[in-house]
Amino acid sequence: NAGVTQTPKFRILKIGQSMTLQCTQDMNHNYMYWYRQDPGMGLKLIYYSVGAGITDKGEVPNGYNVSRSTTEDFPLRLELAAPSQTSVYFCASSYHTSGSGNEQFFGPGTRLTVL
Amino acid sequence: GDSVTQMEGPVTLSEEAFLTINCTYTATGYPSLFWYVQYPGEGLQLLLKATKADDKGSNKGFEATYRKETTSFHLEKGSVQVSDSAVYFCALPYTGRRALTFGSGTRLQVQP
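Chains as they are written, first to last, in the numbering used here: chain E, 86 to 200; chain D, 39 to 150.
Given below as structure tokens:
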């Protein structure tokens, strides 16, 4: 079991460029999430998905898009990179049946710098 | 809305010292509460959790008790090690979402 994998680990973009951050999980989890972590701050939820074909906005969705065509993959797209998107991006997944309290599993993160 | 507030860091301790990291929360009802740990260069991993009031979560010598009276979930360890140096996050579920809202994190530095 690889768990949650993310690629790339590091990336530098110029303002206005676009890129896709990849995330894959092999635990058959139904829920997947994208968070960003700014220096000295907690994590902010960008988007999440409750299953293939279903996505919803989190706290800070502006400037990002997502899709969930399979259970395993949940890519995050940046269309027009801006310096404010410089951050570390974490993908996570979890398995939910009912109630709360289900553990989230995190990937190692992608460190993105926009210059 | 639901939120967590953590004590600011960094917290610097000598090895074998006692650790407390404060966490208080604002929430509707009695949600599950979590502590996650982030070691340098890694993603977050679950350290412990408590799913109902008065529960005590424990793992790797760390403990936290869910106290509804004081809306707190403070993290404690009796004797820290250098290997405990990391950033610790308190978290609870967003209302209406199966995602988590995190505190700002507390950096712990343990010196030999």
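In this text, a Cβ means the ideal position worked out from N, Cα and C, and glycines have one as well. Here the structure is a predicted model, which is why all the values come from computation and not from measurement.
Can you give, in chain order, each stretch of the beta strand (DSSP E) that sits fully within the stretch 146-194 of chain E and has at least 3 residues? Within the stretch 146-194 of chain E, the beta strand (DSSP E) runs of at least 3 residues that lie entirely inside it are, in chain order, 149-151, 161-163, 172-179.
Between which residues of its own chain and E:T198 is the CB-CB distance below 6 Å, once the five residues before and five after are set aside? Closer than 6 Å at Cβ, skipping near neighbours: I97, T171.
For E:M117, count neighbouring C-beta atoms within 10 Å of its own C-beta (all shown protein chains included) and say buried if the count is 16 or more, exposed if not. Taking all protein chains in view, the Cβ of E:M117 is crowded by 16 or more other Cβ atoms within 10 Å, so the residue is classified as buried.
Candidates E:K94, E:R162, E:A167, of which the one nearest E:G101 by Cα: When C-alpha distances from E:G101 are compared across E:K94, E:R162, E:A167, the shortest belongs to E:A167.
Cβ shell of D:Q119 (< 7 Å), same chain only, five flanking positions each side left out: Scanning its chain for C-beta atoms nearer than 7 Å, with the 5 sequence neighbours on each side dropped, one finds around D:Q119 the residues E53, V148, in chain order.
Under the assumption that D:K94 contacts D:T103 (Cβ atoms under 8 Å), give the Cβ distance between them as a whole number of angstroms. With a beta-carbon spacing of about 5 Å, D:K94 and D:T103 fall inside the 8 Å limit used to define contacts.
To which residues of the same chain is E:S178 closer than 6 Å at the C-beta, ignoring the five residues directly before and after it? Spatial neighbours of E:S178 in its own chain (CB-CB distance under 6 Å, excluding positions within 5 residues in sequence) are listed in chain order as V89, Q110, H114, M117, F190.
Distance, D:L86 Cα to E:G127 Cα: Rounded to the nearest whole angstrom, the CA to CA distance from E:G127 to D:L86 is 18 Å.
Considering only their Cβ atoms, is the gap separating E:S103 from E:L200 smaller than 7 Å? No; because the gap between Cβ atoms is not below 7 Å, this pair is not in contact.
Residue interval of the beta strand (DSSP E) (run including D:G95): From DSSP, the beta strand (DSSP E) with D:G95 extends over 94-97.
Might you give, ordered along the chain, the residues of its own chain that have their beta carbon closer than 7 Å to the beta carbon of E:A87, omitting 5 neighbours on each side? Within its own chain, the residues whose Cβ lies closer than 7 Å to the Cβ of E:A87, once the five positions on either side in sequence are excluded, are D111, listed in chain order.
For D:L86, which beta-bridge partners are listed by DSSP? D:L86 is bridged to D:W73.
What residues of chain D sit near E:M126, judged by a beta carbon separation below 7 Å? Within chain D, the residues near E:M126 are S142.
What does E:P247 touch in chain D if you count any residue whose Cβ is under 7 Å from its own? Here chain E has residues from 86 to 200 only, and residue 247 of chain E is not among them.
What would DSSP say about E:D123, mapped onto helix, strand or coil? Of the three classes helix, strand and coil, the one that applies to E:D123 here is coil, per DSSP.
Can you check which of these residues, E:Q122, E:D141, E:L161, is closest to D:G81 by C-alpha distance? Of E:Q122, E:D141, E:L161, the smallest CA-CA separation from D:G81 is found for E:Q122.
E:M104 lies in the beta strand (DSSP E); which residues open and close that run? Run containing E:M104: 104-110, per the beta strand (DSSP E) assignment.
Output, in chain order, the set of chain D residues within a Cβ distance shorter than 9 Å of E:R174. At residue 174 of chain E the sequence reads Tyr, which differs from the Arg that was named. Within chain D, no C-beta atom comes less than 9 Å from the C-beta of E:Y174; the nearest is roughly 10 Å away.
Determine the burial state of D:G143: buried for a count of at least 16 other Cβ atoms within 10 Å of its Cβ, exposed for fewer. Buried is the call here.
Please look up how many angstroms separate the CB atoms of D:D44 and D:N60, rounded, as I've assumed it's under 8 Å. It is worth fixing the name first, because residue 44 of chain D is Gln in this sequence and not Asp. Sure, about 7 Å apart at Cβ, within 8 Å.
Cβ neighbours of D:Y68 in the same chain (closer than 7 Å, five flanking residues each side left out): K90, A91, K106, listed in sequence order.
Please list, in chain order, the chain D residues whose beta carbon lies closer than 8 Å to that of E:V135. Within 8 Å Cβ-Cβ: R136.
Does D:S121 come out as helix, strand or coil in the three-state DSSP assignment? Here D:S121 sits in helix by DSSP.
Residue interval of the beta strand (DSSP E) (run including D:E101): It spans 100-103 - the beta strand (DSSP E) in which D:E101 sits, taken as one unbroken run.
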